[in-house]
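Colleague:
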Amino acid sequence: MKRKEQGGGGVDGAAHGQGQAFMTRDNKRKGRPVKKTGACHNCGKQGHWIAECSSRVQNDAERYRSQRANVAQDEEDPGDYLFSVGRTSSTAKPSDMWLVDSGATQHMTSSKTYMRNYKKMAPAVGTGDIVMSMKTPRGMKKGVLTNVWHIPKLSRNLFSVGRFTKDVGPVTFESDGCFADNKGLKWQLGAREGKGLFKLCMTPMMPDEANAASSKDRQGDTTSYLWHLRLGHIGHGGLDAIVKKSYGVGIDMTSVKQWELCDGCALGKQTRVSYMKSSPNRAKHVLEVVHSDVCGPMQTPTFGGKRYFVTFIDDKSHFCVVYLLRNKSEVAAKFAEFVAFAETQTGKRVQTLRSDNGGEYTSGAMAKFCADRGIVQKFTPPYTPQLNGIKNARDSGKVTVRQTKFLKSILTKFGMQDSKPVKTPQDAGLKLTKNMCEGGCQHEDTMKNVPYRSAVGALMYLMVATRPDLAAAVGVLSQFSADPCPTHWQALKRVLRYLQATPTHGLEFSREDSLGMCGYSDADWAGDIESRRSTSGYAFMMNGGCISWRSKKQRTVALSSTEAEYMALSEATQEAVWLKVILCELGEMASDEAVKIYEDNQGSIALAKNPQFHKRTKHIDIRYHFVREKVEDGQVVLQYVSTTDMLADMMTKAITAVQFGVLRSKLGIQGAIAVESSGSVVKKAPRAAAVYR
Numbered sequence: 050m051k052r053k054e055q056g057g058g059g060v061d062g063a064a065h066g067q068g069q070a071f072m073t074r075d076n077k078r079k080g081r082p083v084k085k086t087g088a089c090h091n092c093g094k095q096g097h098w099i100a101e102c103s104s105r106v107q108n109d110a111e112r113y114r115s116q117r118a119n120v121a122q123d124e125e126d127p128g129d130y131l132f133s134v135g136r137t138s139s140t141a142k143p144s145d146m147w148l149v150d151s152g153a154t155q156h157m158t159s160s161k162t163y164m165r166n167y168k169k170m171a172p173a174v175g176t177g178d179i180v181m182s183m184k185t186p187r188g189m190k191k192g193v194l195t196n197v198w199h200i201p202k203l204s205r206n207l208f209s210v211g212r213f214t215k216d217v218g219p220v221t222f223e224s225d226g227c228f229a230d231n232k233g234l235k236w237q238l239g240a241r242e243g244k245g246l247f248k249l250c251m252t253p254m255m256p257d258e259a260n261a262a263s264s265k266d267r268q269g270d271t272t273s274y275l276w277h278l279r280l281g282h283i284g285h286g287g288l289d290a291i292v293k294k295s296y297g298v299g300i301d302m303t304s305v306k307q308w309e310l311c312d313g314c315a316l317g318k319q320t321r322v323s324y325m326k327s328s329p330n331r332a333k334h335v336l337e338v339v340h341s342d343v344c345g346p347m348q349t350p351t352f353g354g355k356r357y358f359v360t361f362i363d364d365k366s367h368f369c370v371v372y373l374l375r376n377k378s379e380v381a382a383k384f385a386e387f388v389a390f391a392e393t394q395t396g397k398r399v400q401t402l403r404s405d406n407g408g409e410y411t412s413g414a415m416a417k418f419c420a421d422r423g424i425v426q427k428f429t430p431p432y433t434p435q436l437n438g439i440k441n442a443r444d445s446g447k448v449t450v451r452q453t454k455f456l457k458s459i460l461t462k463f464g465m466q467d468s469k470p471v472k473t474p475q476d477a478g479l480k481l482t483k484n485m486c487e488g489g490c491q492h493e494d495t496m497k498n499v500p501y502r503s504a505v506g507a508l509m510y511l512m513v514a515t516r517p518d519l520a521a522a523v524g525v526l527s528q529f530s531a532d533p534c535p536t537h538w539q540a541l542k543r544v545l546r547y548l549q550a551t552p553t554h555g556l557e558f559s560r561e562d563s564l565g566m567c568g569y570s571d572a573d574w575a576g577d578i579e580s581r582r583s584t585s586g587y588a589f590m591m592n593g594g595c596i597s598w599r600s601k602k603q604r605t606v607a608l609s610s611t612e613a614e615y616m617a618l619s620e621a622t623q624e625a626v627w628l629k630v631i632l633c634e635l636g637e638m639a640s641d642e643a644v645k646i647y648e649d650n651q652g653s654i655a656l657a658k659n660p661q662f663h664k665r666t667k668h669i670d671i672r673y674h675f676v677r678e679k680v681e682d683g684q685v686v687l688q689y690v691s692t693t694d695m696l697a698d699m700m701t702k703a704i705t706a707v708q709f710g711v712l713r714s715k716l717g718i719q720g721a722i723a724v725e726s727s728g729s730v731v732k733k734a735p736r737a738a739a740v741y742r
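One point on numbering: in the numbering used here, the residue at position 586 of the sequence shown is 635, and numbering is uninterrupted.
(1) If contact is defined by three or more beta carbon pairs under 8 Å, each pair taking one atom from either stretch, is the region 698-712 in contact with the region 473-481?
(2) Using DSSP with H/G/I as helix, E/B as strand and the rest coil, what is F368?
(3) Roughly how far, in whole angstroms, is the beta-carbon of Q684 from the beta-carbon of A643, given that I think they are within contact range, below 8 Å?
(4) Hey, could you find the ends of the alpha helix (DSSP H) Y167 is sitting in?
(5) Measuring alpha carbon to alpha carbon, tell me which of H156, I596, K469 ends up nearest T176.
(6) Relative to the C-alpha of S583, which residue among L194, A521, G353, M695 is closest?
(7) Distance, Cα to Cα, M509 vs V523?
(8) Rounded to the nearest angstrom, what separates K679 and Q623 at their Cα positions?
(9) Excluding the five sequence neighbours on either side, which residues of its own chain have a C-beta within less than 8 Å of the C-beta of K377, listed in chain order?
(10) By DSSP's criteria, C227 is part of a beta bridge. Which residues make up the other side?
(11) Let me know the secondary structure DSSP gives D363 once reduced to three states.
(12) From what residue to what residue does the beta strand (DSSP E) around G568 run?
(13) What span of residues does the beta strand (DSSP E) with A588 cover, start to end?
(14) Please report the distance separating the alpha-carbon of M189 from that of V197.
(15) Secondary structure at D421, three-state DSSP: helix, strand or coil?
(16) Examine chain B for any beta-carbon lying closer than 8 Å to the beta-carbon of G192, and answer yes or no.
(17) Excluding the 5 residues preceding and the 5 following S445 in the sequence, name in chain order all residues of the same chain whose CB lies nearer than 7 Å to its CB.
(18) Under the three-state reduction of DSSP, which class applies to W147: helix, strand or coil?
(19) Could you tell me the alpha carbon to alpha carbon distance between T429 and S600, rounded to whole angstroms?
(20) Should W198 be counted as a contact of the ligand NAD given a C-beta to heavy atom distance under 7 Å?
(21) DSSP three-state label for T553, please.
(22) Less than 8 Å separating the beta-carbons of F208 and L234?
(23) Taking its Cβ as the centre, do 16 or more other Cβ atoms sit within 10 Å of E614, making it buried, or is it exposed?
(24) Could you tell me the alpha carbon to alpha carbon distance between L131 and Q95, rounded to whole angstroms?
(25) Please report the residue range of the alpha helix (DSSP H) in which C595 lies.
(26) Near L541, what residues of its chain come up, given a Cβ to Cβ distance below 6 Å and the 5 sequence neighbours on each side ignored?
(27) Can you name the residues that DSSP bridges to C344?
(28) Hey, Q394 and S468 are a contact pair by Cβ (cut 8 Å); roughly how many whole angstroms apart?
(29) Using three-state DSSP, classify V644 as helix, strand or coil.
(30) Going by beta carbon distance, what residues of the same chain come within less than 6 Å of D571, once the five residues before and after it are set aside?
(31) Once the 5 residues before and after M347 are set aside, which same chain residues still bring their CB inside 6 Å of it?
(32) How many angstroms separate the CA atom of G396 from the CA atom of E386?
(33) Between the alpha carbons of Q466 and C534, how many angstroms are there, rounded?
(34) Return the first residue and the last residue of the beta strand (DSSP E) that P451 is part of.
(35) Take D363 and list the residues in its own chain whose beta-carbon comes closer than 7 Å to its own, dropping the five residues that flank it on each side.
(36) Let me know the secondary structure DSSP gives F208 once reduced to three states.
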């Protein structure tokens, strides 16, 4: 508020800050302070006013240092502040302590740790909601303080009584505390602490724990074992830390002794000792030990309505008999049938039956039959199929890699899901060229909307991953992606029809095949009728399955079949050296061990082993003599094989359906069937299948 200077005209000045004098437009007094008249209302001295009193500024600084808090003391006047100031003697952390303040207009906190739905705002940093746990006459309950202001410099959290009465209900202050009245229930809101200060009887909860560890809403919810299960089998120490940090309210830690041993923890945190790959105590005679197990129920029954089958496997000969069952209760009768059949055929007697603890083996009928025949029953412990070695080797001794789902999606994408199946991906009597149509027909409009390149890409992905049998067909079709004609599209659809016939086929690897890695190399001669170039192909086998394959047109024209085979053999040798390096790093192959490559051309084998150059071979590029160097180093061994046994033959050209099926099986490409067994099936008894391994 401006004062009018005595003895002068009107004042046309403004206050420039606290402690500054008003200035006039008098040139003689410009820049000089106006002398004050009257005594100071603070110290009583003349010559200055209370705003410029030095003793007042010093007293304010001392007062600020001596009492730095945010709650009003009894003797202070809160004035017009949003909250008042004072001190407290509590030893709790300032960020965790809440005080009930009847003068605060909003709930206020210095930490946003417990806040959810946080929003930035002015004049505070932000607002949010805090879930509070409180004790009511009906037990521990949860409540939410809405629109809580976040003020980082606030040294005590304030609970606004005015805000609470507006949102919930009235609050009454008594000598021992303050109480809230909600729907006729009176419960303590705060407890007296210090001189006239009330500490809030609520505990803030973390946003995550607010939904997990709450108060006792149902009987039994406070037991520590129940919260041990709810929190993922947490340990005693972790659960105790949650309670001490007030993240979980109402959890009864005195019940810890009741769950010193948890079955789930004991099973989940322990490991079993690995089992031996083979048992030293094998049977020495036929029918000395018979292994048995039941499989089912199957989703689709047989035509006779049977959903189960039981197997009986002799430990010595691995002779297997399979019986189909309607119910598991038929196992005892089928075992009696098996005993009669086996003892009659071999002249031996069944001595021991090894099985699991299933009810079909522990039934009274099975026990009585075994006791009458003197057969000893041996049961394996629960969840230990490893102890039944014969069954484990037959059921899980193979690894199969298939892409059935992706294959079916390809057929659906290109509208071939209902097409007629064929046995081979290529027509042996069809040679594809760039100009398949007679007279050079215009097929741009016809092939404009045909997804030829998309189909080739999908087949390429399938071939590279799990289907070596598609290598030759995809290699030929990909040559016409730039300008395909209707004939090319028909040839591509034939590949899709072949996939329709083999949707579950994939690579199958067996752990029993320990022959190591070997390769097959082959080439056709002048297979491309336009460029007269040959096609190279190779396939490498390991553990009964194909691990690497390729079908590629050669870079140059070969003048003879020997030259074409020699060029293909060079590419196969490069792949063999690379695979050997990988297997040596994995410890699956010795560094001095040679890779065997099978070749069906005697001339190329002789050329690789003969270091002399002849006039008929001088034109062969030097890079193709790489195979000769590796043969001399002993890294590769070449061996002749007949054309009928050449597995890479299907990588170079189209072959007949019979030959294609034989080579496909030898490459380890097998289909998925309901029950797979190795060997031949011989019918020895009604409703039984004897399988020799």
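All residues carry an ideal CB built from backbone N, CA and C; glycine is no exception.
Please read all numbers here as calculations on a predicted model, not as lab measurements.
Modeller: With the given structure in hand:
(1) yes
(2) If DSSP states are grouped into helix, strand and coil, F368 belongs with coil.
(3) 6 Å
(4) Looking at the DSSP string, Y167 is not in any alpha helix (DSSP H); the run it does join, the beta strand (DSSP E), is 164-169.
(5) H156
(6) A521
(7) 6 Å
(8) 9 Å
(9) V343, G345, Y357, G407, G408, E409
(10) F222, G239
(11) strand
(12) For G568, the uninterrupted beta strand (DSSP E) run begins and ends at 567-572, by DSSP.
(13) 584-591
(14) Approximately 22 Å, taken between the alpha carbons.
(15) helix
(16) Of the protein chains in this structure there is only one, and it is not chain B.
(17) Here the model assigns S445 a pLDDT of 49, short of 50, so the residue's position is not dependable, and the following value carries that caveat. For S445, where only same-chain residues beyond five positions count, there are no Cβ hits under 7 Å.
(18) Residue state, collapsed to three classes: strand.
(19) Whole-angstrom Cα-Cα distance: 50 Å.
(20) Of the ligands one can find in the structure shown there are none, so the ligand NAD has no counterpart to examine.
(21) Coil.
(22) no
(23) buried
(24) With a pLDDT of only 43 at L131, under the threshold of 50, the placement of this residue in the model should not be trusted; the figure read from the coordinates follows. Looking at the two C-alpha atoms, the distance is approximately 36 Å.
(25) Segment 594-602 is the beta strand (DSSP E) holding C595; no alpha helix (DSSP H) there.
(26) A504, L526
(27) F358
(28) Not really, about 48 Å apart at Cβ, beyond 8 Å.
(29) strand
(30) G586, M695, A697, D698, T701
(31) R356
(32) 15 Å
(33) One C-alpha to the other measures close to 23 Å.
(34) As written in the sequence, residue 451 is Arg, which differs from the Pro given in the question. From DSSP, the beta strand (DSSP E) with R451 extends over 447-451.
(35) Excluding positions up to five away in sequence, the list reads V335, L336, V339.
(36) F208 falls in the strand class under three-state DSSP.
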